[in-house]
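**Student:** Take this structure first; my questions come after.
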Amino acid sequence: MWRNVHGSKGVTTNAKVGEKRLPIFINRLIGLVFIFLICFTGVILGNERSRAQLPTDISTEILEIAEVFQKEKINISEWKLYGRMNVYKIRDLVTFQKELNRLKQNMGHLSWNVMEEGDQWKAVGTYYNDFLKQEETLQLITTDTKTSPSSYVLYEVTGYGWKDDAAAEIINDFHSNLTNISHENFEIFSCMVGDFSDKMKDSLQNTTNILLDSFSAQVIEEVREDNFVSVSAYTEAWDNVLPTHQGNMNLQIGLRTQGMGDKTTVIVGTPIITVEY
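So my numbering is basically just the index in the sequence shown, starting at one, shifted up by 476.
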């Protein structure tokens with residue numbers, strides 16, 4: 477009897493030990509699962525963040541221009557993405573207004589101003605995003621309204637300064653808005669403006685050559701003066717080209733300085749520069 481009772485007590489003791497160890501094991505298991513979920517979520521979010529910051533097949537030209545500017549220590553002050561599309565269905569003021577109403581509906585965040593200037597109808601929608609330091613302008617323009625109307629849409633986004641996260645968001649928004657504006661194909665132009673101190677660089681001609689090498693570009697046309705350089709060139713890296721008498725071009729570089737010690741302005745655009753210089 478004593479052995480049976482003793483054995484019963486031994487079984488009871490082992491069960492109690494097992495009961496004490498089980499919660500510890502469960503807690504450790506829950507902890508490992510929790511850590512795994514945190515790591516897994518971090519990897520997923522990291523991949524999504526990378527995809528958001530690095531657009532693959534949209535406006536990569538502006539990203540490449542920014543990379544060259546940063547490599548050559550050129551301060552980025554302003555950059556633009558510019559889309560242009562012909563609108564063939566506008567033939568009178570009624571169809572102009574109908575198209576304008578469609579744009580207002582699809583781009584509801586814009587503030588609009590409509591005007592008639594001589595032989596032209598023009599509607600301009602604008603918006604400024606203070607958080608992203610981004611300015612938007614959408615124009616619907618019809619010319620030769622009294623004879624043979626010709627219409628087109630111009631959509632321009634301007635960024636100020638350069639931060640990778642903000643730039644990626646602006647670029648993605650630009651292409652998303654192009655789809656909202658129309659499913660037709662747009663001609664897309666990219667342009668960047670920057671500056672550097674003349675004390676930190678070689679002559680304008682040498683700086684131009686450095687930029688041409690950075691884009692693996694060949695000169696098509698050029699104007700070179702002491703304080704001003706303008707070059708039209710061609711690079712195989714970009715598909716969008718414009719024909720000229722000297723050959724295809726898809727890159728323009730402009731540099732201007734006021735004198736020794738002054739800042740030099742650098743403008744790079746593809747396929748052409750879309751700002752005054």
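Using N, Cα and C, we set each Cβ at its ideal position, and we do this for glycine too.
Would you say Phe665 and Tyr558 are within 7 angstroms of each other, going by their C-beta atoms?
**Tutor:** Yes, these two residues count as a Cβ contact at 7 angstroms.
**Student:** To the nearest angstrom, how far is the alpha carbon of Tyr564 from that of Asn703?
**Tutor:** Computed Cα separation, rounded: 44 angstroms.
**Student:** Using a threshold of 7 angstroms, state whether the C-beta atoms of Leu680 and Leu727 are closer than that.
**Tutor:** Result no, Cβ atoms of Leu680 and Leu727 do not sit closer than 7 angstroms.
**Student:** Is it true that the CB of Thr602 sits closer than 7 angstroms to the CB of Ser626?
**Tutor:** Contact: no.
**Student:** Assuming Val742 is part of the beta strand (DSSP E), what are its boundary residues?
**Tutor:** It spans Lys739 to Thr746 - the beta strand (DSSP E) in which Val742 sits, taken as one unbroken run.
**Student:** Distance, Cα to Cα, Glu612 vs Asn716?
**Tutor:** Between Glu612 and Asn716, the C-alpha separation is close to 23 angstroms.
**Student:** What runs of the beta strand (DSSP E), each 3 residues or longer, lie entirely inside the segment 701-736?
**Tutor:** For the segment 701-736, whole beta strand (DSSP E) runs of length 3 or above, ordered along the chain, are 704-711, 718-720, 723-725 and 727-733.
**Student:** Throw me the rounded Cβ distance for the Val544 and Leu687 pair, which I believe falls under 8 angstroms.
**Tutor:** Right, their Cβ atoms sit about 7 angstroms apart.
**Student:** When the distance is taken between beta carbons, is Leu608 closer than 7 angstroms to Ile647?
**Tutor:** No, the Cβ-Cβ distance between Ile647 and Leu608 is not below 7 angstroms.
**Student:** Tell me whether Thr750 sits in a helix, a strand or coil according to DSSP, three-state version.
**Tutor:** Thr750 falls in the coil class under three-state DSSP.
**Student:** Could you give the DSSP three-state label for Leu608: helix, strand or coil?
**Tutor:** Leu608 falls in the coil class under three-state DSSP.
**Student:** Could you tell me the distance, in whole angstroms, from the CA atom of Thr746 to the CA atom of Thr711?
**Tutor:** Straight-line Cα distance between these residues: approximately 10 angstroms.
**Student:** Comparing the CB of Val633 with every heavy atom of the ligand NAD, is any distance shorter than 6 angstroms?
**Tutor:** With respect to the ligand NAD, the structure shown offers nothing to examine, as it has no ligands at all.
**Student:** Under DSSP, the alpha helix (DSSP H) around Asp671 begins and ends at which residues?
**Tutor:** Run containing Asp671: none in the alpha helix (DSSP H); it sits in the beta strand (DSSP E), Glu663 to Ser673.
**Student:** With respect to the beta strand (DSSP E) encompassing Lys556, which residues constitute its N-terminal and C-terminal limits?
**Tutor:** That run of the beta strand (DSSP E) goes Asn551 to Val563.
**Student:** Determine the DSSP secondary structure at Ser690, reduced to helix, strand or coil.
**Tutor:** Ser690 falls in the helix class under three-state DSSP.
**Student:** Do you know offhand how far Ala709's Cα is from Lys639's?
**Tutor:** Their Cα atoms are separated by approximately 28 angstroms.
**Student:** What are the boundary residues of the beta strand (DSSP E) that includes Leu630?
**Tutor:** Residues Ser626 to Tyr636.
**Student:** Let me know the secondary structure DSSP gives Thr621 once reduced to three states.
**Tutor:** Here Thr621 sits in coil by DSSP.
**Student:** Which word fits Tyr631, buried or exposed, when buried means at least 16 other C-beta atoms lie within 10 angstroms of its C-beta?
**Tutor:** Buried is the call here.
**Student:** Determine the direct distance from the alpha carbon of Gln610 to that of Thr655, and round the result to whole angstroms.
**Tutor:** C-alpha separation (whole angstroms): 19 angstroms.
**Student:** In the DSSP assignment, what are the bridge partners of Ser652?
**Tutor:** Bridge partners of Ser652: none, in fact.
**Student:** I'd like to confirm the pairing. Which residues does DSSP put opposite Met591 in its beta bridges?
**Tutor:** Partner(s): Lys598.
**Student:** Let me check understanding here. Comparing Cα to Cα, which of Glu752, His721, Ile743 and Thr750 lies closest to Ile541?
**Tutor:** With distances taken between Cα atoms, Ile541 lies closest to Ile743.
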